[in-house]
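*Asks:*
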Amino acid sequence: MNRQAIFLLFGLTLFFSQVNGQTFRQQFNDFVSKKDTVGQQQLLEKWEKTDSNDPELFVAYFNYYIIKSKQEILSVGQNPKGSNVLQIMSQDTTEKEPIAFMYGDTYYEPNLLSKGFDWIRKGIEKYPNRLDMRFGRIYMFGELEDYENFTKEIIKTLDYSSVNKNKWTWAENKSLDDPNKIMLGSIQNYQIQLYNTENDSLLNNMKDIAETVLKYYPEHIESLSNLSIVYLFQEQYDKALEPLLKAEKINPKDYIILNNIAEAYKNKGDKKKAIKYYELTLKYIDDDEQTKKYIQEQIDGLKSK
Numbered sequence: 467m468n469r470q471a472i473f474l475l476f477g478l479t480l481f482f483s484q485v486n487g488q489t490f491r492q493q494f495n496d497f498v499s500k501k502d503t504v505g506q507q508q509l510l511e512k513w514e515k516t517d518s519n520d521p522e523l524f525v526a527y528f529n530y531y532i533i534k535s536k537q538e539i540l541s542v543g544q545n546p547k548g549s550n551v552l553q554i555m556s557q558d559t560t561e562k563e564p565i566a567f568m569y570g571d572t573y574y575e576p577n578l579l580s581k582g583f584d585w586i587r588k589g590i591e592k593y594p595n596r597l598d599m600r601f602g603r604i605y606m607f608g609e610l611e612d613y614e615n616f617t618k619e620i621i622k623t624l625d626y627s628s629v630n631k632n633k634w635t636w637a638e639n640k641s642l643d644d645p646n647k648i649m650l651g652s653i654q655n656y657q658i659q660l661y662n663t664e665n666d667s668l669l670n671n672m673k674d675i676a677e678t679v680l681k682y683y684p685e686h687i688e689s690l691s692n693l694s695i696v697y698l699f700q701e702q703y704d705k706a707l708e709p710l711l712k713a714e715k716i717n718p719k720d721y722i723i724l725n726n727i728a729e730a731y732k733n734k735g736d737k738k739k740a741i742k743y744y745e746l747t748l749k750y751i752d753d754d755e756q757t758k759k760y761i762q763e764q765i766d767g768l769k770s771k
C-alpha cells in the first residue's frame, strides 16, 4: 500500500506556554534556561524540604533528570540521523559510495533517566488528573523510540479519561478549556508520530490506540480513519471500509475520509465506487493543487480501463 495514497487526519497541535506562578517553579525554569544544573539541584533540594508534595516539584525533578541524562555523542554507522552528516569514503578511489557515515546522536544515561521516570510516575500516582505529567512521560517514551511503553501510556490515559470524565488539569493544577479536545488532539498527534516512523510493525500500535479511543469516543473521526489506515496497509479492504463508512456518515464532506474510501474500493477492484468517491473527494477538497492533480489522475486512470 502506497503511503502517499493514504491521507492521515491531523490532530490539534498544542503549544502550552509556561506560567511562572510559584517562586520555586519560576526559579527552576530560570536555572533551566541558563543550563545551570548545579543551581537546579540545589533549588530542588530546598524545594523538597519546603513542600515535598508540591505537584510542580515532581515535574521539575523529572525535567532535571531528563536534561541531566541527555548526552550528545558522535556515532558511526550506515543509518545516519539528522542533517549534519559526514561521509566516510573508502581508500579505494574506485569506490564511489561512502562506506559509513559519522553523525551526531543522542544518548540518555540509563540510571539518571530511570530516576526521572520514577519521579513522574510518583507524580501521576499522587495527581492522576495532571495531563501534562502523563504527556511528559509519553513524550519521553517517543524520544527514546520505546513505542511499546509509548502506546501503553497513551492507552492508560484514555482509560483514565473515562474515570475522571476528562476533568484534566495542567501546570499549577489549572483546569483546561475543552480538555476532551486537547487530549484527543494530542493523542492524534501521537498517532501521526507512529505513522511517520514508516515502520509497519507499529501499525498494530496505531490500531490498539484507535480502538481504545473508539471504545470511549465512538464518533472520533480521526480514530475511525486511523483504524482504516491500518487495515488498508494490511490489504484488508473490507475491514478498512467499515470504519470509513461510519466516518462518512458523521461527516460526509470530509475529503480525507472520502479519498481513503476511494482507495479501498480501488484496491478491491470496485471501479465504479472508486470513481464515485474520488469525484466526491475532488468536490470537497481544499485548494491543494498537487493533491487535486493526483485525484484526477486516479479518476482518469480508472475510466480508461
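Quick note: to get the numbering used here, add 466 to the position in the sequence shown (first position is 1).
The C-beta atom is built at its ideal place from N, Cα and C for all residues, glycine as well.
What does the alpha-carbon distance come out to for the pair ALA637 and ILE741?
*Replies:* Here residue 637 refers to the residue found at position 171 when the sequence shown is read from its first residue. Here residue 741 refers to the residue found at position 275 when the sequence shown is read from its first residue. Each residue's alpha carbon lies about 50 Å from the other.
*Asks:* Given LYS534, which residues of its chain have a CB within under 7 Å of its CB, disregarding the five upstream and five downstream residues?
*Replies:* Along the sequence shown, one-based indexing puts residue 534 at 68. Excluding positions up to five away in sequence, the list reads THR503, LEU578.
*Asks:* Assuming the contact rule is C-beta atoms closer than 8 Å, ILE604 and ILE620 should be a hit. Round their C-beta distance to whole Å, please.
*Replies:* Along the sequence shown, one-based indexing puts residue 604 at 138. Along the sequence shown, one-based indexing puts residue 620 at 154. With 8 Å as the limit, ILE604 and ILE620 qualify as a contact, their Cβ atoms being about 6 Å apart.
*Asks:* Are ILE723 and TYR744 touching if we call contact CB-CB under 9 Å?
*Replies:* Along the sequence shown, one-based indexing puts residue 723 at 257. Along the sequence shown, one-based indexing puts residue 744 at 278. Cβ distance not < 9 Å, so ILE723 and TYR744 don't count as in contact.
*Asks:* Which residues in the same chain as LYS719 place their Cβ atom closer than 6 Å to its Cβ, once the five residues preceding and following it in sequence are excluded?
*Replies:* Residue numbering aside, residue 719 sits at position 253 when the sequence shown is read from its first letter. Only TYR750 meet the Cβ criterion.
*Asks:* Leaving out five residues before and five after LYS581 in sequence, what residues of the same chain have Cβ atoms less than 7 Å from its Cβ?
*Replies:* The residue labelled residue 581 in the question sits at position 115 within the sequence shown. Non-local C-beta neighbours of LYS581 in its own chain, meaning closer than 7 Å and more than five positions away in sequence, comprise TYR531, ordered along the chain.
*Asks:* Taking the Cβ atom as the reference point for each residue, do PRO521 and TYR593 lie within a distance shorter than 9 Å?
*Replies:* Numbered from its first residue, the sequence shown carries residue 521 at position 55. Numbered from its first residue, the sequence shown carries residue 593 at position 127. Result yes, Cβ atoms of PRO521 and TYR593 sit closer than 9 Å.
*Asks:* How close, in whole Å, do the beta carbons of LEU660 and TYR721 come, if the pair is a contact with beta carbons under 8 Å?
*Replies:* For the purposes of this step, residue 660 is identified with residue 194 of the sequence shown, where counting begins at 1. For the purposes of this step, residue 721 is identified with residue 255 of the sequence shown, where counting begins at 1. Contact doesn't hold; Cβ gap of about 23 Å is too wide.
*Asks:* Taking three-plus beta-carbon pairs below 8 Å as touching, is the region 657-674 in contact with the region 626-635?
*Replies:* Between the region 657-674 and the region 626-635, the count of Cβ pairs shorter than 8 Å is below three; the stretches do not touch.
*Asks:* May I have the straight-line CA-CA distance separating TYR703 from TYR697, to the nearest angstrom?
*Replies:* Locating residue 703 in the sequence shown gives position 237, where the first residue counts as 1. Locating residue 697 in the sequence shown gives position 231, where the first residue counts as 1. Each residue's alpha carbon lies about 6 Å from the other.
*Asks:* Would you kindly check if the distance between the Cβ of ALA706 and the Cβ of SER689 is under 9 Å?
*Replies:* Counting from one through the sequence shown, the residue named residue 689 turns up at place 223. Counting from one through the sequence shown, the residue named residue 706 turns up at place 240. Their beta carbons are not under 9 Å apart, which means SER689 does not touch ALA706 by this criterion.
*Asks:* Taking C-alpha atoms, which residue in TYR527, GLU611, LEU597, GLU538 lies nearest to ASP584?
*Replies:* Taking the sequence shown and counting its residues from 1, the one referred to as residue 584 is at position 118. Of the listed residues, the one whose Cα sits closest to ASP584 is TYR527.
*Asks:* Please state whether DSSP places SER641 in a helix, a strand or coil.
*Replies:* Position 175 of the sequence shown, counting from 1, holds the residue named residue 641. The three-state secondary structure of SER641, taken from DSSP, is strand.
*Asks:* Counting contacts by CB-CB distance shorter than 9 Å, is LEU680 in contact with chain E?
*Replies:* Given the protein chain composition of this structure (a single chain), no chain E is represented.
*Asks:* For SER499 and GLU575, I'd like the C-alpha separation in whole angstroms.
*Replies:* For the purposes of this step, residue 499 is taken as residue 33 along the sequence shown, with counting starting at 1. For the purposes of this step, residue 575 is taken as residue 109 along the sequence shown, with counting starting at 1. So the two alpha carbons sit approximately 21 Å from each other.
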